[in-house]
Amino acid sequence: SMTYPDVVTNVRYNMPVINVVFTNTEYAFIKNKYEDTNENLFGVDFTDVDYAKIAEAQGAVGLTVSRIEDIDRVMKEAVEYYKQGHTVVLDCKITNDRPIPVETLKLDPKLYSEDEIKAYKEKYEAEELVPFREFLEAEGLESKYIK
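Quick note on the working numbering: the sequence shown kicks off at 1103 and runs consecutively.
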């Protein structure tokens, strides 16, 4: 993180703060761009780091969330430490699944073929998504761009 030194500052000045670090061992938005443009992947994969232990080395409380089922329990624990005046770092391990690239939604049959839409929905597990145009039309509106 570009602001990780702030943790030791929070500790030094006894500032109760909850910092959340989302880690997936990759620079995903750059990696996704490279994949979309068929560029060589370079410098986008990282070694897994234990930010909770780094927090502890800086004098903060370090907690790790590895499963979504644990988030409520760990967050309650973090809030308790916060109420006691501690600086807390939550190291949240997240999936490497690629989010849907919203800049290239391929959902509208007025713009894309049935095969393109099917491939897009399968790739991004987006079977339930519908074109935004349908929401506009449901409200009696129309798109300026799609007729």
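Beta carbons: idealized from backbone N, C-alpha and C, even for Gly.
Just so you know, these numbers come straight off a predicted model, no measurement behind them.
Under the 10 Å beta carbon count, A1157 is surrounded by 16 or more other beta carbons and is classified as buried.
Secondary structure note for I1120: its beta strand (DSSP E) is the uninterrupted segment 1119 to 1125. Across the set N1112, V1232, L1243, K1246, the C-alpha of V1232 shows the shortest separation from the C-alpha of V1204. With a cutoff of 8 Å on beta-carbon distance, G1161 and A1154 are scored as not near each other. V1191 places its beta carbon less than 8 Å from that of V1109. Here the C-alpha atom of E1224 lies approximately 39 Å from the C-alpha atom of V1181. Boundaries of the alpha helix (DSSP H) harbouring T1111: 1108 to 1114, taken from the DSSP string. DSSP places K1195 within a strand segment (E or B) once states are collapsed to three.
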